[in-house]
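First residue of the sequence shown? That's 1 in full-length UniProt numbering, and the numbers climb one at a time after it. Glycine residues also receive a C-beta, built at the ideal position from the N, C-alpha and C atoms.
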Amino acid sequence: MKLRTKVQLFLSIGMIIVILLVNSAVYFLYENRVRDNEIERVREDAHAIMEAIANQDEINLDYSQLLKAFSPVNGMVRIIDKTNKEIYFEANDASYQKNWPYEYTEKEVTTINHTSDDTPYVQVSIPIIWNDGSIVTLQVSEALYSMKDALSRLQVVLFITSLFMLIPAIIAGIIIARYVTTPIKKLTREISSNPKNGKWEKISITKNDKDEIAEMQLAYNHMIDRIDENMAKQTRFVSDASHELKTPLSVITSYAELLQRRGKERAEIFDEAVDAILSEAGRMKQLTGQMLMLAKNEMVENVRFQPVNITNLIRDVVRSLSMAYNRQIHLYEQTEITDMVSADEQKLYQAVYILVDNACKYSDKEINLSLEEKNGQLLISVQDFGDGLSEEDQQLIFDRFYRVDKARSRKAGGTGLGLAICKAIIEAHGGRITIDSKLKEGSTFTIEIPK
1 MKLRTKVQLF LSIGMIIVIL LVNSAVYFLY ENRVRDNEIE RVREDAHAIM EAIANQDEIN
61 LDYSQLLKAF SPVNGMVRII DKTNKEIYFE ANDASYQKNW PYEYTEKEVT TINHTSDDTP
121 YVQVSIPIIW NDGSIVTLQV SEALYSMKDA LSRLQVVLFI TSLFMLIPAI IAGIIIARYV
181 TTPIKKLTRE ISSNPKNGKW EKISITKNDK DEIAEMQLAY NHMIDRIDEN MAKQTRFVSD
241 ASHELKTPLS VITSYAELLQ RRGKERAEIF DEAVDAILSE AGRMKQLTGQ MLMLAKNEMV
301 ENVRFQPVNI TNLIRDVVRS LSMAYNRQIH LYEQTEITDM VSADEQKLYQ AVYILVDNAC
361 KYSDKEINLS LEEKNGQLLI SVQDFGDGLS EEDQQLIFDR FYRVDKARSR KAGGTGLGLA
421 ICKAIIEAHG GRITIDSKLK EGSTFTIEIP K
């Protein structure tokens, strides 16, 4: 079922229910009011008859003329003794009123009943003193024809009124459904037409509208922005990956052709070619491994938290890289720091190793490491005194394959993936990595993770 049909049905059925509830309330309130008025009127007639009997001259003990005078036009008057025997009856239409029920009572009782043709009638029973001094029951009954006719007319009026109210309600439902579904249909058409010629396009937004439809359109356009951004990153990633793989493949191909032509004749060429091929193959293996790690998001999915001695971990990194680069790497530790931290030891080691390794590659001076604990956070800072980074480079330095100086990075053996991997590892630990750098002064990378 279409949304437009659902809205129309919902509004129409809702309006029908409201009309029925309102008309029912009007009908029952009117019925109760009329019934109460009729009951009160018959009670007043019964009390008038009782007073007339009480005021009757004691010498004239024949009440027939009196009761006949007070008998209702559409009812009757009964006198009932203690044995529940009818001792007097006066009615204008005794043929069916005679069958109306009666009962002796010593207290005033008012009831309302219905005849076989659903005509309501009121019975008021009052105890009185009869001419022989006994207590009898005076029962005054009256059929409420006027009430029945009034309620019948009200039913007709309410039915006609409901029809006149229902027609505008249905029309309003159609108009509202069209008002609601028209922008949705437009949005659906524009969404269905994307992408156009391989390009995702935004949809038009009515600036004056601030309803949910406009919010949906705005959210869709934001999604298009994210799609464009991700596609651009994907394109750049594929382009950079192809470029990175192209270089070692070219080197391997060139040396393989050289081996084919002259390797059998000259041993030195054979050794040089094999070394170059192995070196470039190792570089390709490292690059593809890093790309697969990032693509599979292994830094997030495979984190295994366990107690790690962070001081020993950083000392291992310093010891390894200071020997590899024959460089001075200074470690400054906060004296009151707690050694144990919950982390993935292998991945955290990799993240710190990447930062220190980069500092060694891209600067010629000493490297400073600091370890401190602050507000339940562990801070690991790596400071170098190299060329530093511009504001623009600092915004992009954690993107995949981004390198400030491609020629120098390739010479140093970089792939442009190290900092992206480092950031992914730290974020998988619930932390963050920041950079503070100035041109010609150096850079400081800071890892912040919760303990």
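Secondary structure of residue i, DSSP reduced to three states
| i | result |
| --- | --- |
| Ser409 | Residue confidence for Ser409 is low, a pLDDT of 48 falling below 50, so the modelled location carries little weight; the figure read from the coordinates is stated next. Three-state DSSP puts Ser409 in a helix. |
| Gln260 | helix |
| Val303 | coil |
| Val341 | strand |
| Arg266 | coil |
| His114 | strand |
| Asn197 | coil |
| Glu90 | strand |
| Ser141 | strand |
| Gly416 | coil |
| Ser254 | helix |
| Lys423 | helix |
| Lys374 | strand |
| Glu366 | coil |
| Ile135 | strand |
| Asn99 | coil |
| Tyr349 | helix |
| Asn309 | strand |
| Tyr220 | helix |
| Tyr332 | strand |
| Arg4 | helix |
Backbone CA spacing between residue i and residue j [nearest angstrom]
| i | j | result |
| --- | --- | --- |
| His330 | Glu373 | 18 Å |
| Phe305 | Arg432 | 17 Å |
| Ile170 | Lys199 | 43 Å |
| Ala276 | Ala241 | 20 Å |
| Val77 | Ile19 | 43 Å |
| Ile421 | Val303 | 13 Å |
| Phe70 | Ala172 | 57 Å |
| Glu229 | Ile203 | 17 Å |
| Asn84 | Asn23 | 44 Å |
| Ala412 | Thr235 | Residue confidence for Ala412 is low, a pLDDT of 49 falling below 50, so the modelled location carries little weight; the figure read from the coordinates is stated next. Between Ala412 and Thr235, the C-alpha separation is close to 25 Å. |
| Ile17 | Pro101 | 40 Å |
| Gly442 | Gln383 | 7 Å |
Residue i - containing beta strand (DSSP E), residue span
| i | result |
| --- | --- |
| Lys438 | 432-438 |
| Gln377 | 377-384 |
| Glu443 | Strictly speaking, residue 443 in this sequence is Ser, with Glu absent from that position. Where Ser443 is concerned, the enclosing beta strand (DSSP E) stretches over 442-450. |
| Ser125 | 120-129 |
| Gly75 | 75-80 |
Beta-carbon contacts of residue i that lie in its chain and below 8 Å, excluding the five residues immediately before and after
| i | result |
| --- | --- |
| Pro195 | Glu201 |
| Arg197 | It is Asn, not Arg, that sits at residue 197 in the sequence shown. If we look at Asn197 and ignore the five residues flanking it on each side, it has no Cβ neighbours. |
| Leu439 | Asp387, Gly388, Leu389, Ser390 |
| Arg315 | Leu331 |
| Arg262 | Ile269 |
Boundaries of the alpha helix (DSSP H) in which residue i is found, first to last residue
| i | result |
| --- | --- |
| Thr161 | 145-192 |
| residue 453 | There is no way to answer for residue 453, as the model of the chain reaches only from 1 to 451. |
| Ser64 | 64-70 |
| Glu106 | Careful: Glu106 lies outside any alpha helix (DSSP H) and carries neither H nor E. |
| Glu392 | 391-396 |
Short CB-CB distance (under 9 Å) between residue i and chain B
| i | result |
| --- | --- |
| Lys246 | Within the model displayed, chain B is absent; a lone protein chain is all it includes. |
Same chain only: Cβ atoms within 6 Å of residue i, ignoring 5 sequence neighbours per side
| i | result |
| --- | --- |
| Ile311 | Residue identity check: residue 311 is Thr in the sequence provided, not Ile. Closer than 6 Å at the Cβ level, and outside the excluded window around Thr311, lie Asp339. |
| Lys68 | Glu90 |
Own chain partners of residue i with C-beta closer than 7 Å, once the 5 adjacent residues on each side are dropped
| i | result |
| --- | --- |
| Glu190 | Ile203 |
task = Specify whether the segment 345-364 and the segment 389-400 touch according to this definition: at least 3 beta carbon pairs, one from each stretch, less than 8 Å apart.
result = no
Any 3 or more C-beta pairs closer than 8 Å across the segment 137-146 and the segment 36-54 = yes
query = Using 8 Å as the Cβ pair cut-off and three pairs as the minimum, do the segment 103-110 and the segment 122-139 touch?
reply = yes
ask   = Does the segment 313-327 come within contact of the segment 355-370, defined as at least 3 CB pairs closer than 8 Å?
value = yes
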